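This report refers to the structure that appears directly beneath it.
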Amino acid sequence: MIKDIIAIDSHTHINHGARFDSSPEDRFYDATLEYLTKLNRACNIGKMLCSTFSSVLRTEDVEEENEYMLDLSQKVDHLYQWVVIDPRNKNTYAQADRMLDSAKCVGIKLHPPCHGYSLTEYGDELCSFANERGAIVQIHPEAAPDYILPFANKYKNATFIMAHVCTHGQGNEDAIANAENGNVYVDTSGIASSRNKGIETVVGKVGSERILFGTDTYASGFQRGRIEYALIDEIHKENILRNNALRLFAKKFNA
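Under my numbering, the final residue of the sequence shown carries the number 504; numbering is consecutive throughout.
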């Protein structure tokens with residue numbers, strides 16, 4: 250049964266007292282690892298693929314936050330790291346080069362909007378780095394996700410996960426369907442997936458093999474329920490909640 254599947258959260262973040270944490274003063278919100286783990290256990294979510302809020306919302310502490318996440322992921326079995334790169338900070342490339350060798354680092358996280366740069370300027374530099382290492386890149390898109398296609402088609406050894414399905418309309422399906430190398434995925438994290446025909450529309454057009462489950466720290470039970478009760482076949486739900494992540498991150502999960 251779908252409810253018995255241990256889902257994998259491919260896109261989440263944590264707060265831990267850093268100076269650029271998201272909403273630490275909001276009494277209706279808690280993104281500490283302890284609290285998110287409790288929420289996940291309640292709705293049968295296991296592995297968490299994570300970067301800190303402080304590393305993606307601002308650029309000043311990216312290096313420190315990357316080191317924090319690497320250390321924490323080594324100590325917590327169900328926690329895995331996305332290493333964050335700011336292309337204007339060459340030290341973050343060196344960090345990524347080192348951390349990608351860790352079994353607990355699943356890939357590279359990019360957040361152009363919050364970090365204040367564009368792939369128009371830095372895309373080739375970032376994507377060639379990922380391509381040389383066969384890395385998986387999770388990116389918060391600046392526009393409709395199909396803007397990644399020129400890079401995905403050029404850099405076939407890299408894999409790109411476009412965050413927040415349904416946020417940019419048809420670009421989600423186009424990004425998947427038109428990737429010449431089959432190396433573009435989307436994830437379900439964020440509030441936009443709650444649109445009542447969003448998941449169904451994307452699955453209906455491009456299938457479910459390149460859609461990953463994520464929460465982005467929106468209540469995990471809510472996010473899982475969106476997939477569990479979607480009007481799609483059971484195999485699609487299984488793919489989104491678990492199967493696709495097991496396949497994509499197999500080298501790390503089986504290390």
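Cβ atoms here follow ideal geometry from the backbone N, Cα and C, with glycine treated the same way.
Quick caveat, the model's predicted, so the values are computed rather than measured.
Pick out whichever of the options has its Cα sitting closest to the Cα of residue i.
i      : options                           : result
His265 : Leu285, Ile255 and Ile257         : Leu285
Ser304 : His360, Met297, Ala256 and Val325 : His360
Ala267 : Tyr317, His260, Cys292 and Lys500 : Tyr317
Phe471 : Leu495, Ala499, Pro273 and Ala441 : Ala441
Asp395 : Ile263, Ala384, Ile385 and Phe409 : Phe409
Asn402 : Val433, Lys501 and Val455         : Val433
Ile397 : Asp346, Leu321 and Asn427         : Asn427
Asn338 : Glu313, Leu349 and Leu321         : Glu313
Leu319 : Lys446, Ile357 and Gly365         : Ile357
Ser272 : Phe302, Gly474 and Ile425         : Phe302
Pro362 : Ile263, Ala504, Asp346 and Ile388 : Ile388
Met348 : His364, Ile385 and Thr369         : Ile385
Arg475 : Ala504, Tyr278 and Asn445         : Asn445
By DSSP's criteria, residue i is part of a beta bridge. Which residues make up the other side?
i      : result
Gln344 : Answer by DSSP bridge pairing: none, since Gln344 is not bridged.
Ala256 : Ile294
Gly365 : Gly365 is not bridged to any residue.
Cys299 : Thr261 and Gln330
Lys510 : No answer is possible for residue 510: it lies beyond the span of the chain, which begins at 250 and ends at 504.
Thr281 : Asn264
Asp436 : Leu461
Met411 : Ile388 and Val435
Cutting at 8 Å between CB atoms, please list the residues of its own chain near residue i, excluding the five before and the five after it.
i      : result
Gly431 : Arg459
Ser322 : Cys299, Leu328, Tyr329, Gln330, Ser351, Lys353 and Cys354
His262 : Ser271, Ala280, Cys299, Ser300, Thr301, Phe302, Val305, Asp465 and Thr466
Going straight from the alpha carbon of residue i to that of residue j, what length do you get?
i      : j      : result
Ser259 : Ile489 : 10 Å
Glu483 : Asp373 : 39 Å
Ala291 : Tyr467 : 14 Å
Asp436 : Glu477 : 15 Å
Leu497 : Phe462 : 12 Å
Gln344 : Ser367 : 21 Å
Asn289 : Gly295 : 7 Å
Ser351 : Glu274 : 33 Å
Gly456 : Ser443 : 18 Å
Lys454 : Glu422 : 7 Å
Ile448 : Leu480 : 9 Å
Asp346 : Ile251 : 38 Å
Phe378 : Phe400 : 12 Å
Pro390 : Lys324 : 31 Å
Within the same chain, show all residues whose beta-carbon is closer than 6 Å to that of residue i, passing over the 5 residues directly before and after it, in chain order.
i      : result
Thr416 : Ala441
Ile255 : Asn293 and Gly295
Arg307 : Phe269
Val355 : Leu298, Tyr329, Phe498 and Lys501
Arg491 : Ile254, Ala256 and Ile257
Val311 : Ser304, Val333, Asp335 and Thr341
Tyr404 : Cys376 and Asn380
Closer than 7 Å by C-beta to residue i: which residues in its own chain qualify, once you throw out the five before and the five after it? Chain order, please.
i      : result
Asn406 : Asn380 and Gly383
Ser438 : His260, Ala412, His413, Gly463, Thr464 and Asp465
Following a CB-centred definition, is residue i positioned closer than 8 Å to any heavy atom of the ligand MG?
i      : result
Arg307 : The ligand MG is not part of the structure shown, which contains no ligands of any sort.
Counting only beta-carbon separations shorter than 9 Å, does residue i have a partner in chain B?
i      : result
Phe269 : This model lacks chain B altogether; it includes just one protein chain.
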